[in-house]
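Take a look at the structure below.
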Amino acid sequence: MPKDTTIEKILVIGSGPIVIGQGCEFDYSGVQACKALREEGYEVILINSNPATIMTDPEFAPRTYIEPITPEVVEKIIIREKPDALLPTLGGQTALNTSMDLFKAGTLEKHGVKMIGANADAIDKGEDRLRFKEAMLKIGLDLPQSGVAHTMEEALSIADEITEAVGKRFPLIIRPAFTLGGSGGGIAYNKEELETIVARGLDLSPVTEVLIEESLLGWKEYEMEVMRDCADNCVVICSIENFDPMGVHTGDSITVAPAQTLTDREYQIMRDASFACIREIGVETGGSNIQFSVNPADGRCIVIEMNPRVSRSSALASKATGFPIAKIAAKLAVGYTLDELPNDITRETPASFEPTIDYVVTKLPRFTFEKFPTADSVLTTQMKAVGEAMSIGRTFKESMQKALRSLETGRFGFGFDGKGKKEPSYEEIERKLHVPNAERIFWLETAFNQGWTVEEVFDATSIDRWFLEHLKIIVDEGKNLGTMDLRKAKKLGFSDFQIAHARGSSQDEIRAERKEKAIIPTYRLVDTCAAEFEAHTPYYYSTYGDENEARETDQKKIVILGGGPNRIGQGIEFDYCCVHAAFALNELGYETVMVNSNPETVSTDYDTSDKLYFEPLTLEDVLNICDQEKPDGVIVQFGGQTPLNLAADLKRHGVPVIGTSPESIELAEDRKFFSALLERIGLKQAEAGTAVSQDEASAIAERIGFPVLVRPSFVLGGRGMMIVYNDNELRKYIREAADVSPDRPILVDRFLDGATEVDVDCISDGETSVVGAIMQHIEQAGIHSGDSACVIPAPTLTEDIKSKILIAAKDLARELEVRGLMNIQFAVKDEELYVIEVNPRASRTVPFVSKSIGVPLAKLAAKIMVGMTLKELGFTEEILPPHYCVKEAVFPWSKFPGIDIVLGPEMKSTGEVMGIDDDLGLAYAKSQISAFNPLPTEGNVFFSVNDRDKPASLCIAQELVKLGFTIYSTGGTYKFLKDEGIAVERLYKLAEQKRPNVLDMMKNGEINFVVNTPSGHEAREDEIKIRSGAVTNKISHCTNLSAARASVQAIRSLQEKEFTVKTLQEFHAG
0 MPKDTTIEKI
10 LVIGSGPIVI
20 GQGCEFDYSG
30 VQACKALREE
40 GYEVILINSN
50 PATIMTDPEF
60 APRTYIEPIT
70 PEVVEKIIIR
80 EKPDALLPTL
90 GGQTALNTSM
100 DLFKAGTLEK
110 HGVKMIGANA
120 DAIDKGEDRL
130 RFKEAMLKIG
140 LDLPQSGVAH
150 TMEEALSIAD
160 EITEAVGKRF
170 PLIIRPAFTL
180 GGSGGGIAYN
190 KEELETIVAR
200 GLDLSPVTEV
210 LIEESLLGWK
220 EYEMEVMRDC
230 ADNCVVICSI
240 ENFDPMGVHT
250 GDSITVAPAQ
260 TLTDREYQIM
270 RDASFACIRE
280 IGVETGGSNI
290 QFSVNPADGR
300 CIVIEMNPRV
310 SRSSALASKA
320 TGFPIAKIAA
330 KLAVGYTLDE
340 LPNDITRETP
350 ASFEPTIDYV
360 VTKLPRFTFE
370 KFPTADSVLT
380 TQMKAVGEAM
390 SIGRTFKESM
400 QKALRSLETG
410 RFGFGFDGKG
420 KKEPSYEEIE
430 RKLHVPNAER
440 IFWLETAFNQ
450 GWTVEEVFDA
460 TSIDRWFLEH
470 LKIIVDEGKN
480 LGTMDLRKAK
490 KLGFSDFQIA
500 HARGSSQDEI
510 RAERKEKAII
520 PTYRLVDTCA
530 AEFEAHTPYY
540 YSTYGDENEA
550 RETDQKKIVI
560 LGGGPNRIGQ
570 GIEFDYCCVH
580 AAFALNELGY
590 ETVMVNSNPE
600 TVSTDYDTSD
610 KLYFEPLTLE
620 DVLNICDQEK
630 PDGVIVQFGG
640 QTPLNLAADL
650 KRHGVPVIGT
660 SPESIELAED
670 RKFFSALLER
680 IGLKQAEAGT
690 AVSQDEASAI
700 AERIGFPVLV
710 RPSFVLGGRG
720 MMIVYNDNEL
730 RKYIREAADV
740 SPDRPILVDR
750 FLDGATEVDV
760 DCISDGETSV
770 VGAIMQHIEQ
780 AGIHSGDSAC
790 VIPAPTLTED
800 IKSKILIAAK
810 DLARELEVRG
820 LMNIQFAVKD
830 EELYVIEVNP
840 RASRTVPFVS
850 KSIGVPLAKL
860 AAKIMVGMTL
870 KELGFTEEIL
880 PPHYCVKEAV
890 FPWSKFPGID
900 IVLGPEMKST
910 GEVMGIDDDL
920 GLAYAKSQIS
930 AFNPLPTEGN
940 VFFSVNDRDK
950 PASLCIAQEL
960 VKLGFTIYST
970 GGTYKFLKDE
980 GIAVERLYKL
990 AEQKRPNVLD
1000 MMKNGEINFV
1010 VNTPSGHEAR
1020 EDEIKIRSGA
1030 VTNKISHCTN
1040 LSAARASVQA
1050 IRSLQEKEFT
1060 VKTLQEFHAG
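Heads up: the sequence shown at position 443 corresponds to 442 in numbering that gives the first Met the number 0, and the numbers run straight through without jumps.
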């Protein structure tokens, strides 16, 4: 069928900020969809609140709204834009739920907007647990014994029914309806856990519904990525097998594609069941992900659930096969059929050809439990991973070893790198195998090394014996790694680092020996068809085989190193910069070569760059690619800390690193040099020192005065930072948190208490430097810049300070010989300017600044690196936007119930949002709505601040009363406010054990806003309960006075002004 010509304008809803369970895979799918729809001549209107995405760049849609994704805001856009259709299936759960809310409220019908891709009934049937169960039973598919509950009574009654049917009561699995990444779900092993998880699930489900089902713990789990068109053609794009058995969320599980342990008959049964499922649910066009479970004891196969949309697994399936699921889904949504659409990679086969792959793909989840030491690190049905890495190899063994070194956790393969646990007890190994955890893969290596058999490991883990056999082979062979033939070691996936460790030599020596013996990797193509047809898109993976499919060209080429797996501190913002570099250099006629290991990103889309190498970002792998490609330049500035850590070694090996030199990057990190540089150009720095022992640190702190900020050198995301107020705290930090030694010193800085922090992104070509923006942080110094809200233009800095900042930034760019981007953090205290730190590289604020001022800084920086000047690029003066832009951080608190949500110098946010408006209050209010912390305009406030904050909190309390709020306080704050003449109601502290207390009022919906600042490092238990209670009960909250002040201004704007929406293009046009 030809495309639908009754449609002209299509509204695409994005997925909002990066959160656990919904990462940048939806930026990838959104970008593909926008490109595909515009190719067909449709006008695309886009809404997304996330400034760090490529899809919110103005060139991807003619009408781009960076606004909160809520039904109310989307309706305002619909009224303004009058779209003909809404595409709800490419923006994750956020887009799906928002679209369903618009449908149920009658908004779509009222404004004549039709849903394409999947209709409301299909979405509801796929997401509603009871309707899905009925639909599967109708077509004869088996399901676990289960029931749907809307109340606690129903849940307990269903538990009884399951007990009767299967003969045992616990464990039980709880899955809430319409939630993301298994949010609110879990495994209950007793009645108390059942009640806790059900209560949480009912609360988090937008339709107050949970499914309670029999436990399938230990069963095998599979996923089928399926597509269907309007002519009822169905294809399986990829089968995916979970390495971890049922009980671990698929986003937290190691997964392998294609499925390795299914017989052909089992695969065909699952394929037929997938087609029956997508047809019955009624997904008319597009992609769906269907999950199955198989009992290894008797082969019973049951369907678990279905996502009637493009999902995290769709991104993995796309990258694993080369088949662009989101692009094809967008074209199917406007009426095309699979047989009418060509496969971009072969250009000969249609999209109705099912992809075939002749290699093994392994995906590993990336966790950051070290950021949340009090969080429960056991892996269950609620997702906890913040990112993932993918690798491709000819065998499972090679693929797994590559995946482990792609994770960037300091490991170089499946053990044999000197970093494993030294002589653990049998009991410890058993415990680590039995309870799913982030490190379990390495405990498998430990177990095999200690003589465990495959059967013993299977009994402890229920991981399929096929996988365990292959891992045991790696261990058995690894014991002889020191004497093993080099080619054999490489075919087993061992890295140069592992071989060097086994031989007691260096990586450089192993590399030299390999090259001398011509043991070098060959590069194979990802072609969707197991080499049956020629591939036109050069998308490569390395292996040690005979045939090298890498193509050589005469074009000048630049290699761009990506950021690897997402993690807290290094996320999508860096991928954004890498993608811009590829686009910019392509415009200048260069051949662009992307290297990355992250399947979620736009950078690993086959049409972002001229060549894509899906490889680990280690020195060995990058040098191998440079040997193959012989690039004219390599860009390390854009991928965050990952490529920067390789810069000096790459240069040492003769690789042409372009942009700011690795020496300049290291000089900015060198304390002594940097202090001398600042002194030379007349800039101030908080007094500081470098210590290699406890006593040295104490002496420095004594000299410069408490409070001090302590941190390890060379970290990203504020890892291990802390503000300490006395010598006892300092010594405790060094004893417990910092591994201090002469080659790992710690930095001790005077902490500028009460200072305003300022972030500056600057671009320089060596002659001219331009400041992209001066961002004023809302939170005071001491909170990591990645976790602080910030504003462009700076609302309260004086003109004098602003001009000092501009001069300082340009002086620093000149002295450090910056070619490209540079980020500087300043602190302003008592009208004095202090330099906190300088990073001569792209920072996480580059996308936000670019969207704020309407200039693609990363693109310009890439062109500077190949010799262009800012004058030639037409950007020589600062741009001051006439509107306000607020960046706010988004946190994963809801995934780690009960942890303290107070912010500090160590970064904890997973993503960001942007609020943009002509009024500062409304811009901030929009950022809070987008960050899941919407501000109330009336009601009750719980107000409790520490003694240090009391004087400064007075004006905030006064404002809240003027705005019509009733204030409730406990103990000291109540007395303080009452003595100052402010109307305040008394509440009991939790410790007083009198009722009602603040938690009672929160649970009863009687508190609308919480202002609660911590009393110190070791926050009291009742404070933590209050703050985490605010998150649990979805109550707007602030944990510092600066945010409270900004919130009060925003509430005033919400009360007094109209909430309007405007496109990014309109803001930039002035």
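Beta carbons: idealized from backbone N, C-alpha and C, even for Gly.
- Ranked by how close their Cα comes to the Cα of residue 251, the residues 544, 103, 382, 494 have 382 in first place.
- Collapsing the DSSP output to three states places residue 162 in a helix.
- Under the three-state reduction of DSSP, residue 508 is assigned to helix.
- In the structure shown, the three-state DSSP call for residue 751 is coil.
- Your pair residue 908 and residue 785 checks out as a contact, with CB atoms roughly 6 angstroms apart and the cut at 8 angstroms.
- With 16 or more neighbouring CB atoms inside 10 Å of its own CB, residue 749 falls in the buried class.
- Nearest to residue 348 by C-alpha distance, out of 138, 322, 334, is 322.
- Rounded to the nearest whole angstrom, the CA to CA distance from residue 1043 to residue 993 is 28 angstroms.
- Assigned with DSSP and collapsed to three states, residue 236 falls in strand.
- In terms of Cα proximity to residue 406, the closest of 563, 308, 507, 333 is 563.
- Secondary structure note for residue 54: it is in no alpha helix (DSSP H), with a DSSP letter that is neither H nor E.
- Residue pairing by DSSP leaves residue 1030 without any beta bridge partner.
- Counting other Cβ atoms within 10 Å of its Cβ, residue 465 stays below 16 and is therefore classed as exposed.
- Taken in chain order, the complete alpha helix (DSSP H) segments of 4 or more residues contained in the region 436-492 are 439-448, 453-460, 464-477, 485-490.
- For residue 1029, same chain residues with a beta-carbon under 6 angstroms away, outside a window of 5 residues either side, are 1009, 1036 in chain order.
- The DSSP-derived three-state label of residue 973 is helix.
- Going by DSSP, residue 920 is part of no beta strand (DSSP E) but of the alpha helix (DSSP H) stretching over 919-929.
- In this structure, residue 65 lies near residue 55, with their beta-carbon atoms less than 7 angstroms apart.
- 7 angstroms or more divides the Cβ of residue 580 from the Cβ of residue 664.
- Listed as beta-bridge partners of residue 965 by DSSP are 939.
- The C-beta distance from residue 226 to residue 324 rounds to 7 angstroms, short enough to meet the 8 angstroms contact threshold.
- Sorting 989, 61, 892, 834 by C-alpha distance to the C-alpha of residue 800 places 834 at the top.
- Annotation: residue 149 to residue 201 spans about 7 angstroms, alpha carbon to alpha carbon.
- A direct Cα-Cα distance of roughly 15 angstroms separates residue 811 from residue 660.
- When the alpha-carbon of residue 189 is set against those of 559, 172, 478, 204, the nearest one is in 172.
- Under the three-state reduction of DSSP output, residue 960 falls in the helix class.
- In the displayed model, residue 402 falls within a helix according to three-state DSSP.
- Burial state of residue 159 is exposed, judged by a 10 Å Cβ sphere holding fewer than 16 other Cβ atoms.
- Per DSSP, reduced to three states, the secondary structure at residue 1046 is helical.
- Beta-bridge pairing by DSSP links residue 1036 to 1009.
- Spatial neighbours of residue 471 in its own chain (CB-CB distance under 7 angstroms, excluding positions within 5 residues in sequence) are listed in chain order as 447, 453.
- Secondary structure of residue 94 (DSSP, three-state): helix.
- Annotation: residue 894 is outside any beta strand (DSSP E) and is labelled neither H nor E by DSSP.
- Around the beta carbon of residue 954, a 10 Å sphere encloses fewer than 16 other beta carbons of the protein chains shown; the residue is thus reported as exposed.
- The region 770-831 is shown to contain whole beta strand (DSSP E) runs of 3 or more residues at 789-791, 819-828, in chain order.
- Distance check between residue 1012 and each of 1056, 1059, 899 places 899 closest, using alpha-carbon atoms only.
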